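Asker: Protein chains in written order, with our numbering: chain A, 1 to 476; chain B, 1001 to 1294; chain C, 2001 to 2319.
Just so you know, even glycine gets a beta-carbon here, dropped at the ideal spot from N, CA and C.
Bear in mind that the values here come from a model prediction, so they are computed numbers and not experimental data.
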Amino acid sequence: MKRLLAFCMALGMVLSAAGCKSKTAATSDEIPTLIWYLNCSNQAGADAVLEKINERLVNEIGAKLQIKFIDPGAYNEKMNMNMASGTEFDLCFSGYVNNYSNAVKQGGLMQIKDIIDKEAPELWNLIPDYAWKSITVNDDVYAVPNVQLYAMPQALFIDKNMVEKYQFDYEAMKNINEIEPFLDKIKENEPDMYAYQPEFGVGPWVTDYETIVTGFNELVVKKDDDKCKVVKRYETQEYIDGVNKLRDWYQNGYIRKDISSADSSDAVSLERTVSYASSYKPGVEADVKKQRGKDFVAKTLSANYVTSDLCLQTLTGISKTSKHPDKAVKLLYLLHSDKELYNTLCHGIEGVHYKKIDDTFYAPIENSGYNPSRDWAFGNQFNSYLMEGKEKDVWEKSQDLNDSAKQSRLLGFNFNTEKVVNEISRCTAVLGEYKDLENGSVDVDTTLPRFSRKLQDAGIDVIIEELQKQIDEFIK
Amino acid sequence: MLYSKRQKLSQALLILFFVILCTLIIYPFLLLVGVSLSSEKAIGQYGYQLIPKEWSLASYKYVFENPSAILNAYKVTAIFSVTAMVLSVLLMAMMAFPLTRKEVRARRALSFFLYFTMLFSGGLVPTYILITKYLHLNDTIWVYILPSLISPWYVFMIRTFFQDLPEEIFESVRLDGGTSYTIFFRFVIPLSKPVLATVALLIFLGKWNDWYTALLYIEDESLMSLQYLLQRIMQNLKLLQSLEGSASMVSTEKIPSETVRMAMAVVVAGPALVVFPFFQKYFVKGLTVGSVKG
Amino acid sequence: MAESKSTAVKSVKNKKHMINGKTAEKLRLYSLCAIPVFLVFLFAYVPMGGIIIAFKDYRFNLGIFGSEWTGLKNFEFFLKSPSFLLITRNTLFLNFLFIFFGTVASVSVGVLLFEMRSTKATKLFQTVMIMPNFISWVIAAYMAYAILNPQYGMLNAVLNSFGIESIDWYSKPEAWPAILTISSIWKTVGINSVIYYAGLMGIDTGLFEAARIDGANKWQQIIHISLPNLLSLIIMLTILSIGNIFRADFGLFYQLTRDVAALYPTTDVIDTYIFRTMRVVGDMGMSAAVGFLQSIVGFVLVVITNLTVKKIKPESALF
């Protein structure tokens, strides 16, 4: 038995030694390879594209680029593991997945303000101030924002056929309540259709407020409040009006009766939904048509507005374990400044992966093996070629929306949750329990007070106190 | 053998009972197949139907769009499932047997040693670090096999069976000069065909359906397991369907999604069902002690 | 022939103290389990150091050993939560239902299958019953939705044909312990009955012969031979299940209920609650803490059960 044990140990050591050897051999004196984790399904043609890019990179920054494609569904888990286990890599996408604040808080990303100052000071100017402000944590920066449309207004989307059939003048709507007569007509004449799908919850009614902590929608600040007083959203008049309205619509039959157990993206829902609220970006109508198979028109309901949360959706972070952060930063600078390089990474090699139609437009070649559709992960999306079929001024319109947007006073505010972690966890659980308030399927008069009480018991006032304290400190 | 009327009746009742039971059990499965063979539009209009209102193979076409990837996944999954099954059953039987022998004084301690790991675990992160940083098993086929070779649950199950084997067999082997090795390999294993076949089947099924291992440890496309590959297809579908990924598709056809989900489930489950009868032949009614005594 | 046999026996007897001596046998037995023990040590015990994450403020850059100790702080949010009692009760109660009814169903089906004379029929039925095991809970949840759907679900269609009005199952929390138990049995009865069937296979057929000759009918044979012989297996599997009684099969509880808030009072369990809380503040230490609690409770329960079993039927005890 002892011999057997010894043999096994030896085997184990040999295996690991063998593994180690092959890794060290590759990276001794050669040009370093930057590893970039991307949440994008594998692109077969990536090798060819990267080869072309690396020709330039080797000369300009002294490094090569390797992209590791991770399935979007697995990306969060994978990056969590990578960071938790100290895996060596250089860049990774962070934003709506692989949450930036969490990554910074748990020590997965590297501080790069000094590196940017040293290696690529021009980068500061290539990205809007408010974006930089948003990602500042403790006076330092841990990622580079990828510019895209941030200030998306909320809009109401309505089935074009229905609008025409019932002659609903949607353009004249001033707020969401004015859609009611239309919903009524739908209910009367189209019994199989779902007049309104409450996916966005009470959002369309509370457009005057902004969320402070991502995912925690019940603590808000009024957009035009200079003092930034923390308010319980569920106690505001707008909220109460909103949930009551949703309740009315539910009872009147505008919202499907089984909304609480239904999946809003299943085949039936997509087929039968007549109207719903969502974020708006220029050109989104074409995308909606692809998703739902029908034409939808959109009517904006809120003003464009920029918050930290919106700017933190698409970033590229530098890993704490990166051995070449200087080269990584340089790479990002190139991608933000060099249109040709950026578009190669976004769309591939001209003629092989896409056809260039004119200065602005391009058309991807089907089944070419490279079509990652990740403009917003590689750099400034406004530098990207426009896909054929979109309107010429999509980027201009988007940029306008960004620049003309009012900016939140809380841009760059990061709530340090250390002292109230328990209360936040408990309150988050309560929020999940009462989500039905926002789809009209529960009686508001009895449920809302219960909701309020439960949040009280879970410690929401403690959170508010701490939050207000930190906000006051921030806006000084 | 002549069956009395009463026996025939009870047999008939038995069969009726199982027919009803199986119909209930299989109903969701039939629904699955039905949805997978339907067109997406029909699902949108009528919901799930047992018999499709509109037949369509579009979902299967979508799943098999890249047949080489799926076929490769079948191959890889079959290889590691079978390997794991064989190694695992053998090693776990080897683990279980000493736990039944009185000579092994440490058997209580060993049982506890084994069981403790069922409840307490260091968690995903240390295991991940061990497997990737120290053992470098990631992106190899061994990561599917090695870490899960010994499952305490099955070891205890096998141990229970071994305990029920009659002691006379062992005594007679000893008298003939056999060692524990002889007892184990020549008698215990053959006599335990039912339980070993059951465990082998369960291990095989577990491995066949494994998608989590690939998610964490595999980046190499050619080593993806079947279930994981299919989950990916599903994720990409969802993505294409959502507004985010739609920029990439040139065609304006609506993408089949629910039907594809069901088609995938059929694609994975199908082969495993075919395999099951192979195991059934080991479920042989127990050998009598008499046959060994002779 | 006899001569060589006696010489063979003699030479074996001479070597007896070497080959068949107690120590030699002990070594052989230990050698059999050496590799498995090593594997368990490597893959289960080496990483076990990670348990301390539950007691630390885990930071990626500091690693497991460098992160700060926080004592029992990570446990607070769960233990002091107002929902603690409810979700604990749900978890224990529902798991108990699953274990109890699941065992009854699987043993019954296994015994009945064993009585079937036609092997072809047996094989067919087993194949069908094992099918649900291949479907993930995500898919199974879609199937359940198709059946329980308030608008066009099969169950309501059947009720309607009997003149009963449609019921919105997703707003009736009282019905769900039953629905969940049935679903759990549906998924596992095939596999578990196969295990018990194999157990019955292992019973010496001589016992059945003897009983039949003595005039015992089928029913008596089942009660006096089949069941008692399955007892050690049943006990063992039950003890193992008790170890996980504080853990929930996440797929079952989350997917099947479609995370409908109205059903939380009877279906919210520890794992789904944790999943919900971690959505905003994703803290590894906190989820590790809950996992640790689940392990401790399961462990204590198993030790208690095991001691009880030892008093009644010592051979069936786990350890």
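Give me the subset of the region 424 to 451 of chain A whose CB atoms are less than 7 Å from a CB atom of chain C, sorted by chain position.
Answerer: From the region 424 to 451 of chain A, only Ile424, Ser425, Arg426, Thr428, Ala429, Gly432, Glu433, Tyr434, Lys435, Asp436 have a Cβ closer than 7 Å to chain C.
Asker: If distances are taken between C-alpha atoms only, which option among Glu2076(C), Ile2051(C), Lys2073(C) comes closest to Phe2065(C)?
Answerer: Taking only the C-alpha atoms, the option nearest Phe2065(C) is Ile2051(C).
Asker: How about Phe413(A): is its C-beta nearer than 8 Å to some C-beta of chain C?
Answerer: Closer than 8 Å: no.
Asker: In three-state DSSP terms, what is Leu2318(C)?
Answerer: Residue state, collapsed to three classes: coil.
Asker: Between Leu2307(C), Thr2308(C), Lys2313(C), Ala2289(C), which lies nearest to Leu2072(C) when the distance is taken from Cα to Cα?
Answerer: Residue Ala2289(C) is the option with its Cα nearest to Leu2072(C).
Asker: When you compare each of Asp393(A), Tyr385(A), Ala74(A) to Met1234(B) by their alpha carbons, which one comes out closest?
Answerer: Minimum Cα distance to Met1234(B) is reached at Ala74(A).
Asker: In its own chain, which residues sit with a C-beta less than 7 Å from the C-beta of Ala2317(C), not counting the 5 before and 5 after it?
Answerer: Cβ neighbours of Ala2317(C) beyond the five flanking positions: Asn2306, Val2309, Lys2310.
Asker: Let me make sure I understand the geometry here. Which of Ser2118(C), Asp2214(C), Ser2287(C), Val2189(C) has the alpha-carbon closest to that of Gln1007(B)?
Answerer: The candidate whose alpha carbon is nearest that of Gln1007(B) is Ser2118(C).
Asker: Count the other C-beta atoms from every protein chain shown that fall within 10 angstroms of the C-beta of Gly2243(C), then say buried if there are 16 or more, exposed otherwise.
Answerer: Gly2243(C) is buried by the Cβ-count criterion.
Asker: Can you list, in chain order, the residues of its chain with a C-beta nearer than 7 Å to that of Tyr370(A)? Leave out the 5 residues immediately preceding and following it.
Answerer: Excluding positions up to five away in sequence, the list reads Gln43, Gly45, Ala46, Val49, Gly348, His353.
Asker: In chain B, what lies closer than 9 Å to Trp2186(C) by C-beta?
Answerer: The answer, in chain order, is Leu1024, Ile1025, Pro1028.
Asker: Please state whether DSSP places Asn217(A) in a helix, a strand or coil.
Answerer: Reduced to three states, the DSSP call for Asn217(A) is strand.
Asker: Tell me, which residues are paired with Tyr276(A) by DSSP?
Answerer: Partner(s): Phe157(A), Gln197(A).
Asker: Identify, in the order they occur along the chain, each residue of the same chain with its Cβ nearer than 6 Å to the Cβ of Glu88(A), setting aside the five sequence neighbours on each side.
Answerer: Excluding residues within five positions, the ones whose Cβ falls inside 6 Å are Thr321.
Asker: What three-state label does DSSP hand Val206(A) in the structure shown?
Answerer: In the structure shown, Val206(A) sits in coil (DSSP, three-state: anything other than H, G, I, E or B).
Asker: Compare the beta carbon distance of Pro2036(C) and Leu1091(B) with 8 Å and say whether it is the shorter of the two.
Answerer: Yes, the pair counts as a contact, with Cβ atoms nearer than the cut-off.
Asker: Have a look at Lys327(A) and Glu199(A) and give me their C-alpha separation to the nearest angstrom.
Answerer: Computed Cα separation, rounded: 43 Å.
Asker: Is there at least one Cβ from chain C nearer than 8 Å to Ser1111(B)'s Cβ?
Answerer: Yes, Ser1111(B) counts as interfacial toward chain C.
Asker: In angstroms, rounded to a whole number, what distance separates the CA positions of Asp117(A) and Arg453(A)?
Answerer: Computed Cα separation, rounded: 50 Å.
Asker: Please list the partners that Lys1133(B) has in chain A, where partner means a Cβ-to-Cβ separation under 9 Å.
Answerer: Simply Ser85, Gly86, Thr87.
Asker: Relative to chain B, which residues along the region 51 to 76 of chain A have a C-beta separation below 7 Å, given in chain order?
Answerer: Cβ contacts with chain B: Lys68, Asp71, Pro72, Gly73, Ala74.
Asker: If you draw a straight line from the C-alpha of Ile2130(C) to the C-alpha of Arg1232(B), how long is it?
Answerer: About 26 Å.
Asker: Report yes if the CB atom of Leu219(A) is closer than 8 Å to the CB atom of Arg233(A), and no otherwise.
Answerer: Yes; because the gap between Cβ atoms is below 8 Å, this pair is in contact.
Asker: Say whether chain B places a C-beta atom closer than 8 Å to the C-beta of Tyr2254(C).
Answerer: No, Tyr2254(C) lies away from the interface with chain B (no Cβ there is under 8 Å from its Cβ).
Asker: Alpha carbon to alpha carbon, how far is Ser85(A) from Glu2076(C)? Give it in angstroms, no decimals.
Answerer: Roughly 26 Å separates the two Cα atoms.
Asker: To the nearest angstrom, how far is the alpha carbon of Ser22(A) from that of Leu345(A)?
Answerer: Residue confidence is low: Ser22(A) scores 42 on pLDDT, short of 50, so the model does not pin down where it sits. No coordinate-derived value is stated.
Asker: Indicate whether at least one CB of chain A lies closer than 8 Å to the CB of Ser2171(C).
Answerer: Yes, Ser2171(C) lies at the interface with chain A (some Cβ there is under 8 Å from its Cβ).
Asker: Just checking my contact of Tyr276(A) with Tyr196(A) at CB under 8 Å: how many whole Å lie between their CB atoms?
Answerer: About 7 Å separates the two Cβ atoms, so the contact holds.
Asker: Quick one: any contact between the region 2175 to 2185 of chain C and the region 2256 to 2267 of chain C, if contact means 3 or more CB pairs under 8 Å?
Answerer: Yes: the two stretches touch, three or more of their Cβ pairs being nearer than 8 Å.
Asker: Using only the alpha-carbon positions, how far apart do Tyr1062(B) and Val1260(B) sit?
Answerer: For Tyr1062(B) and Val1260(B), the distance between alpha carbons rounds to 7 Å.
Asker: Between which residues of its own chain and Ile463(A) is the CB-CB distance below 8 Å, once the five residues before and five after are set aside?
Answerer: Only Leu219, Val420, Glu423, Ile424, Cys427 meet the Cβ criterion.
Asker: Beta-carbon of Gly1122(B) versus every beta-carbon of chain A: anything under 8 Å?
Answerer: Judged by the 8 Å Cβ criterion, Gly1122(B) is not in contact with chain A.
Asker: Flag Leu2062(C) as yes if its beta-carbon sits less than 8 Å from any beta-carbon of chain A, otherwise no.
Answerer: So, interface residue.
Asker: Is the Cβ of Ile1020(B) closer than 8 Å to any Cβ of chain C?
Answerer: By this cut-off, Ile1020(B) is not an interface position.
Asker: Can you find a C-beta in chain C that's less than 8 Å from the C-beta of Gln106(A)?
Answerer: Cβ-Cβ to chain C under 8 Å: yes for Gln106(A).
Asker: Exposed or buried, what is Gly1122(B) when buried is set at 16 or more other beta-carbons lying within 10 Å of its beta-carbon?
Answerer: With 16 or more other Cβ atoms within 10 Å, it is buried.
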